[in-house]
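Before any comments, here is the structure.
Residue numbers (this note's numbering), protein chains in the order written: chain A, 3 to 360; chain B, 3 to 363.
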């Protein structure tokens, strides 16, 4: 009898709390976990810009928090649990390596919504989201193929995960289309954010004759080195023009703000549900920074046309014929890669030098 | 004028008082820093030191987490302290930690998906043995060729890191992982998992092992002949030589034990809180443990407390980021201040501040 009363009271209290949230009487609390510092001016910086956009959009009706430079592993699970315990309604975990931690904590806090960037595991309260960065990579690959004089492009890569491999393939494919002699030299630094390592990698690549630098890491160090060496480079995740006013040809910009605003609104409206989002240039999740005047007008026009064609859905960066590195056929003439293969891409396409580390 | 006069003997009283003074000094200096950053200094310090332990909302979770975070630090630091006392400088515990994790996880994964009570003990043995072997490289090189164990053990950390990346990408990669690097999650494999022993306490086997190591080291140093020889070898190598202490044995024992404990710490971490071998499994515990060892004055009980204090600043620091929006850099500066004051205050143990002119001796 008594137990029943307690349970009823608890249920009523819970109902009231939920109702209060739906009515907007209570602030929606949104947390962000970053893998690097917000001042990396790359990946984490853009996620934080998204957070600021959420604050601007919803004003006093939301409260946002963040923890930066959280290592991927046991520490992430603790940070997430503390966020869940401190009454967050929605938590964005913004790096691939937070996947298992996100799933574990989400299982313990079914009332808290989680959004995991670039992952593939979902649950009733875990959504995943990512951007089709390879669309941007295709455009910068095209520019790189046209701009390189030594025919050597240096590529600083973080971890050999499908997202990074897809980027290398996309950039190489489009560089090689306009310049059959182009070579990509890939250096793996095994970190998302390590300015010293990234700088060393850039220097080594330049010494080996690269005159164009591409990066799939989060710091601005490679851009700074390219500027010093008087060569050209592409910004990653953010517009890095301030760090390479002469070097930057363009940059792939991740614009998370519209997605974050949508998802926060969904939580406020009570319409949030678990889903998988993979958006590209068309809805503006992937943007390109203004193309530098160093790029000849015709190349610039071609690049912009390609971006427009991708946005319009007229062109897919992975359109056959494309062979795998070992020469076996992957896509037939006119065939377009399916999302499943792209999401788990663990092979190089034909022509890419070197091996995926294993 | 204030000057420092050397005490005839280090002061007992001050050796207990200096840590407390250091914490107070850190609170004042750190408080000023938080205030300059526009945060409420009292609130910040309360969140870092008090909330992880006593806040009703968090403490039930963060108190056990304190043990989880401190256990590997204590386990490694105990091993290191033996060597540091003997003048054997193992700087590469990070590498031994990684190798221990790889060996232990490899044994567990080799049995997958078989379930048996014997698997976890075998993993523990493999982890300890892996760390031990990795530490034997600098030990044997030092004995045979008089190489510097600081350099050899440190450089082996980078070798271990490369091995770790290779394991995560090929040999131990999860075949069902969709091409992503990283091993299977051992937490989801009951025979190989290192779970909480009592729910809600955070205490896994690594915490138990850390406590046993503290007791073991205390007895070794206080009661056992080997402990005496270790201390003697560090304080006066010549005297140790004349007393018949075999230097080679001391080197093997000190590096071997610290490697073994670091390997164990790695195994407990990979089978428990971390769950899997991944490229960035190494989380600097091996290096942080060096600080913990010195912070604890190379004394087993001191190390226990120092490990818990370090863990507290980590967890409290995360809460402060979360609740007050204090940047990580400021938290790290705050942790740095704590170490700085703890070591700086040490001067009071050995010296006495005296007001007035020096006496002519």
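Idealized CB from N, CA, C, for every residue including glycine.
This one's a predicted model, so the numbers in the text were calculated from it and none came from an experiment.
| Item | Value |
| --- | --- |
| Quick check on the DSSP output: what are the complete beta strand (DSSP E) runs of length 3 or more inside the segment 134-200 of chain A, in order along the chain? | 154-159 and 185-190 |
| For residue 243 of chain B, which residues from the same chain have a beta carbon less than 8 angstroms from its beta carbon, with the 5 sequence-adjacent residues on both sides left out? | 249 |
| Is there a Cβ of chain B sitting closer than 8 angstroms to that of residue 210 of chain A, yes or no? | no |
| Less than 8 angstroms between the C-beta atoms of residue 364 of chain B and residue 252 of chain B, yes or no? | No statement about residue 364 of chain B is possible, as the shown extent of chain B runs from 3 to 363 and does not include it. |
| Measure from the alpha carbon of residue 211 of chain B to the alpha carbon of each residue in B:79, B:17 and B:356, then state which is nearest. | B:79 |
| Under 8 angstroms between the Cβ atoms of residue 282 of chain B and residue 9 of chain B? | no |
| Looking at the structure shown, is residue 273 of chain A part of a helix, part of a strand, or coil, going by DSSP? | coil |
| Would you mind telling me which residues of chain A sit closer than 8 angstroms to residue 282 of chain B, beta carbon to beta carbon, in chain order? | 73, 74, 75, 99, 192 and 193 |
| What separation, rounded to the nearest whole angstrom, lies between the Cα atoms of residue 161 of chain B and residue 167 of chain B? | 10 angstroms |
| Relative to the C-alpha of residue 197 of chain A, which residue among A:330, A:217 and A:223 is closest? | A:223 |
| Given this structure, state the Cα-to-Cα distance separating residue 266 of chain A from residue 260 of chain A, to the nearest angstrom. | 10 angstroms |
| To the nearest angstrom, how far is the alpha carbon of residue 256 of chain A from that of residue 234 of chain A? | 21 angstroms |
| Among the candidates B:82, B:119, B:337 and B:293, whose CA atom is the shortest distance from the CA of residue 195 of chain B? | B:119 |
| Could you tell me if residue 193 of chain A is buried or exposed, where buried requires 16 or more neighbouring beta carbons within 10 angstroms of its beta carbon? | buried |
| For residue 323 of chain B and residue 68 of chain A, I'd like the C-alpha separation in whole angstroms. | 7 angstroms |
| One question on the structure: do residue 356 of chain B and residue 7 of chain B come within less than 8 angstroms of each other, judged by their Cβ atoms? | yes |
| Can you round the beta-carbon distance between residue 215 of chain B and residue 263 of chain B to whole angstroms, since I take them to be within the 8 angstroms contact cut? | 6 angstroms |
| Would you kindly work out how many angstroms separate the C-alpha atoms of residue 209 of chain B and residue 73 of chain B, rounded to a whole number? | 5 angstroms |
| What do you get for residue 242 of chain A, buried or exposed, if any count of 16 or more other CB atoms within 10 angstroms of its CB means buried? | buried |
| With 8 angstroms set as the bound, which would you pick, yes or no: does the beta-carbon of residue 84 of chain A sit closer than that to a beta-carbon of chain B? | yes |
| Who pairs with residue 129 of chain A in a beta bridge, going by DSSP? | A:117 |
| Considering only residues of the same chain and omitting the five flanking positions on each side of residue 140 of chain B, which have a CB-CB separation below 8 angstroms? | 92, 94, 149, 151, 154, 155, 158 and 257 |
| Compare the C-beta of residue 196 of chain B with all C-beta atoms of chain A and state if any pair is closer than 8 angstroms. | no |
| For a minimum of 4 consecutive residues, which ranges assigned as the alpha helix (DSSP H) are wholly contained in the segment 206-250 of chain B? | 207-225, 227-237 and 239-244 |
| Any idea which residues DSSP pairs residue 68 of chain A with across the strands? | A:34 |
| State the Cα-Cα distance for the pair residue 320 of chain A and residue 124 of chain A, rounded to the nearest angstrom. | 26 angstroms |
| So what does DSSP say about residue 24 of chain A, is it helix, strand or coil? | Note that residue 24 of chain A scores 45 on pLDDT, short of 50, meaning its location in the model is unreliable; the coordinates nonetheless yield the value given after this. Residue state, collapsed to three classes: helix. |
| Checking contacts by CB at 8 angstroms: is residue 73 of chain B closer than that to chain A? | no |
| List, in chain order, every chain A residue whose beta-carbon is nearer than 9 angstroms to that of residue 416 of chain B. | Outside the modelled stretch of chain B, which goes from 3 to 363, sits residue 416 of chain B, for which no answer is possible. |
| What do you get for residue 185 of chain A, buried or exposed, if any count of 16 or more other CB atoms within 10 angstroms of its CB means buried? | buried |
| Residue 70 of chain A versus chain B: which residues are under 8 angstroms apart at the beta carbon? | 323, 329 and 330 |
| Give me the Cα-Cα distance between residue 24 of chain A and residue 134 of chain A, rounded to the nearest whole angstrom. | Note that residue 24 of chain A scores a pLDDT of 45, beneath 50, so its modelled location is shaky; the value from the coordinates is reported in the next line. Taking the straight line joining both Cα atoms gives about 33 angstroms. |
| Kindly say whether residue 359 of chain A, judged by its beta-carbon, lies nearer than 8 angstroms to any beta-carbon of chain B. | yes |
| Pull out every residue of the segment 63-87 of chain B whose Cβ sits closer than 9 angstroms to any Cβ of chain E, in chain order. | Here chain E cannot be found, since the structure's protein chains are A and B. |
| For the segment 159-174 of chain A, which residues have a CB atom closer than 7 angstroms to at least one CB atom of chain B, in sequence order? | 161, 162, 163 and 164 |
| With contact counted as at least three CB pairs below 8 angstroms, one residue from each stretch, are the segment 63-80 of chain A and the segment 34-51 of chain A in contact? | yes |
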